[in-house]
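**Student:** Numbering (this note's numbering), first residue to last: 10 to 213.
Every residue gets a Cβ at the ideal spot worked out from N, C-alpha and C, and that includes glycine.
Since the structure is predicted, the reported quantities are computational estimates derived from the model, not experimental observations.
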Amino acid sequence: MTTILHLDSSILGPYSVSRELSAEIVARQTELHPGASVVHRDLVEDDARHLSGTHLAAWQGDDAAGNAIEGDLKIGDAYISELFAADIIVIGAPMYNFTVSSQLKAWIDRVVVAGKTFKYTESGPESLLPAGKKVFIASTRGGVYTGDSPAAALEHHESYLLSVLGFIGLSDVTIIRAEGVALGDEPKAAAIADAKATVHALTA
Numbered sequence: 010m011t012t013i014l015h016l017d018s019s020i021l022g023p024y025s026v027s028r029e030l031s032a033e034i035v036a037r038q039t040e041l042h043p044g045a046s047v048v049h050r051d052l053v054e055d056d057a058r059h060l061s062g063t064h065l066a067a068w069q070g071d072d073a074a075g076n077a078i079e080g081d082l083k084i085g086d087a088y089i090s091e092l093f094a095a096d097i098i099v100i101g102a103p104m105y106n107f108t109v110s111s112q113l114k115a116w117i118d119r120v121v122v123a124g125k126t127f128k129y130t131e132s133g134p135e136s137l138l139p140a141g142k143k144v145f146i147a148s149t150r151g152g153v154y155t156g157d158s159p160a161a162a163l164e165h166h167e168s169y170l171l172s173v174l175g176f177i178g179l180s181d182v183t184i185i186r187a188e189g190v191a192l193g194d195e196p197k198a199a200a201i202a203d204a205k206a207t208v209h210a211l212t213a
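Right, here's the structure in full:
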């Protein structure tokens, strides 16, 4: 049975475009994979603490450090278990200040862990995740950062996600993008409509 991991990271709740698009992607994937199970993580409501020296100490076997953040370590372990179990990963990723939200960055810091999701070898980093996972990113941006946009140099959002996901072996990534959503009602509606058309055209 196919397992879909659905991550949302927007702070805007029902007003979020990335949440709207990530839900559309999940709905389309469940159509394409009947019987799929969906695990939803709202990284705003069900968030882990940001990475700290206490986490590193706990990972290195410091019992006192581990006891201090025991509950939070369990959340991080659950994040990794969910990532291993997922066949399809859907990430709602709004751009905040030219990059991902701090909530999504916290999730990344808790799953990109040496010895758990990747290992260093003489030839470079090597993924420890099972092969064949697919990733869909619902990317939303208030401005326009593609093409010859003068703001393109400020884009550290999709480029960062592609780099960090690829680092742990998640290279089969499809980006569903809606940008310019802060430029007025008409550009926003057009961007969302185009993104949803892309979602509905997915065949796998």
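I believe Leu92 touches Leu138 by the beta-carbon criterion, under 8 Å. Please report the beta-carbon distance rounded to the nearest angstrom.
**Tutor:** On the sequence shown, residue 92 is found 83 positions in, with the first residue counted as 1. On the sequence shown, residue 138 is found 129 positions in, with the first residue counted as 1. Rounded, the Cβ-Cβ distance is 7 Å, consistent with contact.
**Student:** In this structure, how does DSSP classify Ile100 when only helix, strand and coil are distinguished?
**Tutor:** Locating residue 100 in the sequence shown gives position 91, counting from the first residue. Three-state DSSP puts Ile100 in a strand.
**Student:** On a CA-only basis, which of Val47, Leu41, Gly22 and Lys205 is nearest Ala147? Give me that one, please.
**Tutor:** Start at 1 with the first residue of the sequence shown, and residue 147 comes out as number 138. Of the listed residues, the one whose Cα sits closest to Ala147 is Lys205.
**Student:** Can you find a C-beta in chain B that's less than 8 Å from the C-beta of Val153?
**Tutor:** Within the model displayed, chain B is absent; a lone protein chain is all it includes.
**Student:** Can you look up Ala45 in the DSSP assignment and give me helix, strand or coil?
**Tutor:** Your numbering for residue 45 matches position 36 in the sequence shown. Of the three classes helix, strand and coil, the one that applies to Ala45 here is coil, per DSSP.
**Student:** Whose C-beta lies closer than 7 Å to the C-beta of Ala77 among residues of the same chain, with five residues either side of it excluded?
**Tutor:** Within the sequence shown, residue 77 is the residue found at index 68, counting from 1. Thr63.
**Student:** Mind checking which residues open and close the alpha helix (DSSP H) that includes Glu188?
**Tutor:** Reading the sequence shown from its first residue, position 179 is the one you call residue 188. Per DSSP, Glu188 belongs to no alpha helix (DSSP H); it is in the beta strand (DSSP E), Val182 to Glu188.
**Student:** Is it buried or exposed for Glu188, if we count other Cβ within 10 angstroms and need 16 for buried?
**Tutor:** The residue given as residue 188 occupies position 179 in the sequence shown. Result: buried.
**Student:** May I have the straight-line CA-CA distance separating Asp194 from Glu54, to the nearest angstrom?
**Tutor:** Here residue 194 refers to the residue found at position 185 of the sequence shown. Here residue 54 refers to the residue found at position 45 of the sequence shown. Using only the alpha carbons, I get a separation of about 28 Å.
**Student:** Given that a residue counts as buried once 16 or more other Cβ atoms are within 10 Å of its Cβ, and exposed if not, what is Tyr154?
**Tutor:** On the sequence shown, residue 154 is found 145 positions in, with the first residue counted as 1. With 16 or more other Cβ atoms within 10 Å, it is buried.
**Student:** Could you tell me whether the Cβ atoms of Ser19 and Ser110 are closer together than 8 Å?
**Tutor:** Along the sequence shown, read from residue 1 onward, the residue named residue 19 stands at position 10. Along the sequence shown, read from residue 1 onward, the residue named residue 110 stands at position 101. Taking 8 Å as the Cβ cut-off, Ser19 and Ser110 qualify as a contacting pair.
**Student:** What are the boundary residues of the alpha helix (DSSP H) that includes Arg119?
**Tutor:** Here residue 119 refers to the residue found at position 110 when the sequence shown is read from its first residue. Element bounds for Arg119: Ser111 to Val120.
**Student:** Compute the Euclidean distance between the alpha carbons of Arg105 and Glu40, then round it to the nearest angstrom.
**Tutor:** Along the sequence shown, read from residue 1 onward, the residue named residue 105 stands at position 96. Along the sequence shown, read from residue 1 onward, the residue named residue 40 stands at position 31. Inspection of the sequence shows that residue 105 is occupied by Tyr rather than by Arg. Their Cα atoms are separated by approximately 31 Å.
**Student:** Who pairs with His15 in a beta bridge, going by DSSP?
**Tutor:** In the sequence shown, counting from the first residue as 1, residue 15 sits at position 6. DSSP output for His15 lists His49 and Val99 as bridge partner(s).
**Student:** If you reduce the DSSP assignment to three classes, tell me which class Tyr169 lands in.
**Tutor:** As a first step, residue 169 is located in the sequence shown; it is residue number 160 there, counting from the start. In this structure, Tyr169 counts as helix in the three-state DSSP scheme.
**Student:** Going straight from the alpha carbon of Glu131 to that of Ala32, what length do you get?
**Tutor:** Translated into the one-based positions of the sequence shown, residue 131 becomes position 122. Translated into the one-based positions of the sequence shown, residue 32 becomes position 23. Looking at the two C-alpha atoms, the distance is approximately 41 Å.
**Student:** If you check the beta carbons only, do Ile13 and Ala45 fall under 8 Å apart?
**Tutor:** On the sequence shown, position 4 is the one that residue 13 refers to. On the sequence shown, position 36 is the one that residue 45 refers to. For Ile13 and Ala45, yes; Cβs fall inside 8 Å.
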